[in-house]
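Asker: Line by line, the protein sequences are chains A and B. Quick note on full-length UniProt numbering: the first sequence kicks off at 1 and runs consecutively. Quick note on full-length UniProt numbering: the second sequence kicks off at 1 and runs consecutively. Heads up, the beta-carbon is just placed ideally off N, CA and C, and yes, glycines get one too.
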Amino acid sequence: MTPRPPTPSTIPSKLTVNLVLPYDSLLSAKEVDMVIVPATTGQMGVLPGHVATIAELKPGVLTVHEGNEVKKYFLSSGFAFIHANSVADIMAVEATPLDQIDSSLVQKGLTEFTQKLNAASTDVEKAEAQIGVDVHSALNAALTG
Amino acid sequence: MAMAALRREGRRFAAPIISPQPLNPFRSSISSAEDQAFLGVRSISTQIVRNRMKSVKNIQKITKAMKMVAASKLRAIQTRAENSRGLWQPFTALLGDTPSVDVKKNVIVTISSDKGLCGGINSTSVKISRALHKLNSGPEKESKYVVLGEKAKAQLVRDSKQNIELCITELQKNPLNYTQVSVLADDILKNVEYDALRIVFNKFQSVVSFVPTAATVLSPEAVEREAESGGKLGELDNYEIEGGETKSEVLQNLTEFQFSCVMFNAVLENACSEQGARMSAMDSSSRNAGDMLDRLTLTYNRTRQASITTELTEIISGASALEG
């Protein structure tokens with residue numbers, strides 16, 4: 001494993017982002033201006049020099065700003081570490097670019113899981129249906145918002 | 001004519017006239033000649049050598065095919081293993097990997113293969129697991145095993161049966177994916193009490209080199225303790241926590257996620273090492289079979305020539321005895 005750079009004395013100009021999934025590293029040591037991560041407490045913007053943070057993520061949209069280009073990925077939840085040396089590690093189980101998501105399937109999934117939630121009897125079933133509803137509503141919000 | 005037919009069958013019933021000196025060296029190499037001795041045959045049957053050659057050739061073909069199969073499986077899984085290496089690095093950057101951590105309850109997760117004929121990788125994993133067990137057993141410490149794979153189970157059951165908590169086999173029945181491994185990790189975390197989990201596997205460095213590795217994952221309480229005592233984890237307090245109500249809740253989710261990520265990478269790396277080890281084991285086996293085949297061919301030719309010579313000399317000496 002390559003050692004991480006030490007904390008610089010002045011705030012660096014760029015943020016180094018690593019976006020890793022179990023199957024691939026989508027972004028690996030990429031220098032960007034800003035990322036917005038979907039933390040459980042809400043959307044969190046990260047600029048270079050951000051205070052060191054461990055953030056738990058909920059299903060939502062990750063936005064990567066680099067110069068004028070903006071790339072959006074839908075994350076299925078995970079964790080984000082922001083280190084004091086302006087390196088951000090984002091670990092998610094799944095991440096897809098927003099243009100690859102089919103909105104009709106999202107609607108279908110949302111209605112299906114809402115029905116399951118209403119029909120659920122045990123706690124486990126309720127929890128599973130609730131997770132489905134959360135993810136699909138987040139997908140819906142991501143596509144429309 | 002008749003003699004030729006008999007020679008082909010490898011059988012003779014004429015009593016030996018000439019002493020069997022030149023044939024003795026062959027007797028020692030192929031022991032099945034003894035069962036023909038009572039018929040008065042002094043040469044080793046070429047039939048036996050021929051059978052041996054056929055079986056060795058078949059073995060050579062089989063091991064060559066197994067090597068090809070292992071090579072293709074390795075190609076398929078190697079890219080996935082390399083892609084999964086980025087997954088555990090952020091956790092190690094944050095929490096460090098401290099195999100020297102001193103905790104009360106250790107759980108050693110040994111990853112091995114289900115199938116055999118893969119060289120010595122399973123034995124090395126078991127050796128390292130046993131060493132870790134010994135290091136971490138003492139008056140206040142204890143360590144238990146969680147075994148993945150048939151081969152390690154067979155070796156560990158012999159002497160550490162009471163220390164094995166969980167045994168999981170047939171991991172590779174379906175292609176490895178993260179969902180399966182996270183369910184497995186969940187299972188282990190729910191059923192086993194631990195302060196530190198030590199995952200023992202073979203890291204895949206190249207097709208011929210596999211390094212036995214132990215990755216350490218701490219429980220949330222152990223992380224808190226180590227953070228208080230300073231060292232690598234001492235900087236953990238500088239991190240703000242976003243999400244969850246309490247720090248311990250987030251730490252719990254974090255360590256569980258870390259365990260499933262490290263397990264996923266470990267299982268993939270071990271599968272790659274298994275295929276690579278099988279490739280080299282089958283390759284040396286085919287080469288060995290080739291050498292054996294060469295030696296047997298030489299023996300066969302010697303035997304064949306010796307029996308022809310013997311027959312000729314008998315005929316000639318018989319003929320000369322009649323004339324003279």
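Under 8 Å, Cβ to Cβ, is there at least one residue of chain B near A/G109?
Answerer: Translated into the one-based positions of the first sequence, residue 109 of chain A becomes position 109. Judged by the 8 Å Cβ criterion, A/G109 is not in contact with chain B.
Asker: Under 8 Å between C-beta atoms, does B/L171 make it to chain A?
Answerer: Within the second sequence, numbered from 1, the residue matching residue 171 of chain B stands at position 171. Not one chain A Cβ lies under 8 Å of B/L171.
Asker: Relative to the C-alpha of B/A152, which residue among B/P212, B/L312 and B/C167 is closest?
Answerer: Numbered from 1 along the second sequence, position 152 holds the residue referred to as residue 152 of chain B. Of the listed residues, the one whose Cα sits closest to B/A152 is B/C167.
Asker: B/T216 bridges to which residues according to DSSP?
Answerer: What you label residue 216 of chain B is simply residue 216 of the second sequence in a count that begins at 1. B/T216 pairs with B/R198.
Asker: Is the stretch 174-188 of chain B touching the stretch 230-244 of chain B in the sense that three or more CB pairs, one from each, lie closer than 8 Å?
Answerer: no
Asker: Note down, in chain order, all residues in the stretch 187-213 of chain B with a beta-carbon under 9 Å from any beta-carbon belonging to chain A.
Answerer: none
Asker: Could you spell out where the beta strand (DSSP E) holding A/Q43 opens and where it closes?
Answerer: Sequence index remark: in the first sequence, residue 43 of chain A carries index 43 (1-based). Residues G42 to V46.
Asker: For the stretch 18-37 of chain A, which residues have a beta carbon sitting closer than 7 Å to at least one beta carbon of chain B?
Answerer: Cβ contacts with chain B: N18, V20, P22, Y23, D24, S25 and S28.
Asker: Give me the subset of the stretch 52-74 of chain A whose CB atoms are less than 9 Å from a CB atom of chain B, sorted by chain position.
Answerer: A52, T53, I54, A55, E56, L57 and K58
Asker: Should A/D99 be flagged as near chain B, meaning a C-beta pair shorter than 8 Å?
Answerer: Position 99 of the first sequence, counting from 1, holds the residue named residue 99 of chain A. Between A/D99 and chain B, the shortest Cβ-Cβ separation is not below 8 Å.
Asker: When you check each C-beta in the stretch 112-126 of chain A against every C-beta of chain B, which residues fall closer than 7 Å?
Answerer: none
Asker: On a Cα-Cα basis, can you pick out the residue from B/M292, B/Q275, B/K54 and B/G290 that is closest to B/A71?
Answerer: Against the second sequence, residue 71 of chain B aligns to sequence position 71. Per the Cα distances, B/Q275.
Asker: I'd like to check one pair, A/A80 with A/V37: are the Cβ atoms closer than 8 Å?
Answerer: Working through the first sequence from its first residue, we reach residue 37 of chain A at position 37. Working through the first sequence from its first residue, we reach residue 80 of chain A at position 80. Closer than 8 Å, so yes.
Asker: Would you kindly report the start and end of the unbroken alpha helix (DSSP H) that includes B/D186?
Answerer: Along the second sequence, one-based indexing puts residue 186 of chain B at 186. B/D186 -> alpha helix (DSSP H) spans Y178 to N191.
Asker: Within 10 angstroms of its Cβ, does B/A131 collect 16 or more other Cβ (buried), or is it exposed?
Answerer: Translated into positions along the second sequence, residue 131 of chain B becomes position 131. So B/A131 ends up on the exposed side.
Asker: Would you grab the beta carbon distance between A/A119 and A/P59 for me? Rounded to a whole angstrom, and I think it's under 8 Å.
Answerer: Working through the first sequence from its first residue, we reach residue 119 of chain A at position 119. Working through the first sequence from its first residue, we reach residue 59 of chain A at position 59. Rounded, the Cβ-Cβ distance is 22 Å, inconsistent with contact.
Asker: Taking A/D89 as part of the alpha helix (DSSP H), name the residues at either end of that continuous run.
Answerer: For the purposes of this step, residue 89 of chain A is identified with residue 89 of the first sequence, where counting begins at 1. A/D89 -> not in any alpha helix (DSSP H); beta strand (DSSP E) instead, spanning V87 to A92.
Asker: Leaving aside the five residues before and after B/T124 along the sequence, list all residues of the same chain whose C-beta is less than 6 Å from its C-beta, in chain order.
Answerer: Indexing the second sequence from 1 puts residue 124 of chain B at position 124. Counting only Cβ-Cβ distances below 6 Å, and skipping sequence neighbours, we find P212.
Asker: Please report the distance separating the alpha-carbon of B/T299 from that of B/K57.
Answerer: Translated into the one-based positions of the second sequence, residue 299 of chain B becomes position 299. Translated into the one-based positions of the second sequence, residue 57 of chain B becomes position 57. Cα to Cα, B/T299 sits roughly 15 Å from B/K57.
Asker: Hey, could you find the ends of the alpha helix (DSSP H) B/Y300 is sitting in?
Answerer: Taking the second sequence and counting its residues from 1, one reaches residue 300 of chain B at position 300. Where B/Y300 is concerned, the enclosing alpha helix (DSSP H) stretches over K247 to E323.
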